[in-house]
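See below for the structure under consideration.
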Amino acid sequence: MEPRIELAQVIQAVEAAGDAFAYFYDRQTGETVCLPDPLITGLEDEPLVELLENSPGRFLPFPTRYEIHDYHIMADFVRSLPAGKAQAELEAAICSKGAFRRFKSGIRYHLLEQRWYTYRAEAYHKIALRWCEEHGFIPTGAEGMQGAGLPESHPLHG
C-alpha cells in the first residue's frame with residue numbers, strides 16, 4: 045500500500061522554498077523538518093544535520109526554489125494573458141533588471157494580482173502533486189483543489 049501525505053503539507057513546503065532553509069519530509073514521523081542554511085541565517089542545527097546524514101532514506105527533500113522555477117511560472121502567466129497592453133508591459137517587465145519587482149508592480153497596476161496568485165497557487169499545486177507521484181505518495185485532503193496546472197512550456201509540466 046502506498047503511503048499517504050496531506051497535499052497541503054507538500055504545498056506549504058513548496059510555498060516556503062527559499063535560500064535560507066531546506067525542507068524535508070520525515071518518513072518516520074510524517075512531519076516537515078526545516079534545516080537552516082547557517083551561512084544565510086546564522087543558525088545551526090547540528091542534531092538535525094547528524095540525523096539527516098545518519099538516516100539515509102528517512103528524509104525526503106521537498107522541492108527547492110531552483111526546482112520550482114518561480115521565474116518560469118511568472119513568464120508562463122504573462123504568456124497566458126490575452127494579447128494587449130497588460131501582456132506587453134508585463135513581458136517587458138520580466139525581461140529586464142528587477143524582473144520580480146517590476147512584475148509585482150505591473151500586476152498591481154493592471155489589477156491582475158488575484159489572477160496571478162490563483163495562477164501561482166495552481167502551479168504550486170501541480171508541483172506538489174508531481175512530488176507526491178515521484179516519491180510514491182497518495183496525496184490526501186485534495187478535495188476541491190482543482191487547477192489547470194502548469195503550461196506545457198514549464199520545466200515541471202507533466
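Note that this note's numbering has the sequence shown beginning at 45, numbered continuously upward.
We put the CB at the ideal spot given by N, CA and C, even for glycine.
These figures come from a predicted structure and were not determined experimentally.
Close-in-space but distant-in-sequence residues of the same chain around residue i (CB under 6 Å, 5 per side omitted)
i: F68; result: V77, F103, P105
i: T108; result: A61
i: A137; result: R146, F147, G150
i: L96; result: F103
i: H154; result: A130
i: P47; result: F181
i: A66; result: L79
i: L125; result: Q131
Contacting residues, own chain, Cβ-Cβ under 8 Å from residue i (five flanking each side not counted)
i: I49; result: Y69, G74, C176, F181, I182, P183, T184
i: D203; result: In the structure as shown, the chain begins at 45 and stops at 202. Residue 203 is therefore absent and cannot be evaluated.
Expected contact under 8 Å - CB spacing of residue i and residue j to nearest Å
i: T85; j: A61; result: No, T85 and A61 are not in contact; Cβ-Cβ is about 15 Å, not under 8 Å.
i: A143; j: Y115; result: 7 Å
i: V122; j: E111; result: About 21 Å separates the two Cβ atoms, so there is no contact after all.
i: L51; j: A172; result: 6 Å
DSSP bridge partner residues for residue i (one or two, in chain order)
i: R48; result: I182
i: P126; result: In the DSSP output, where bridge partners are listed per residue, P126 has none listed.
Cβ-based neighbour list, residue i, same chain, cut-off 7 Å, excluding 5 preceding and 5 following
i: H179; result: L104
i: A119; result: I138
Task: Cβ contact check for the stretch 161-169 and the stretch 53-61: 3 or more pairs under 8 Å - done: yes
Task: Sequence ranges, beta strand (DSSP E) only - wholly within the stretch 54-92, length at least 3 - done: 65-70, 76-80
Open item on the list: As an exercise, report each continuous beta strand (DSSP E) stretch of at least 3 residues that is fully enclosed by the stretch 98-183, in chain order.
Closed with: 103-105
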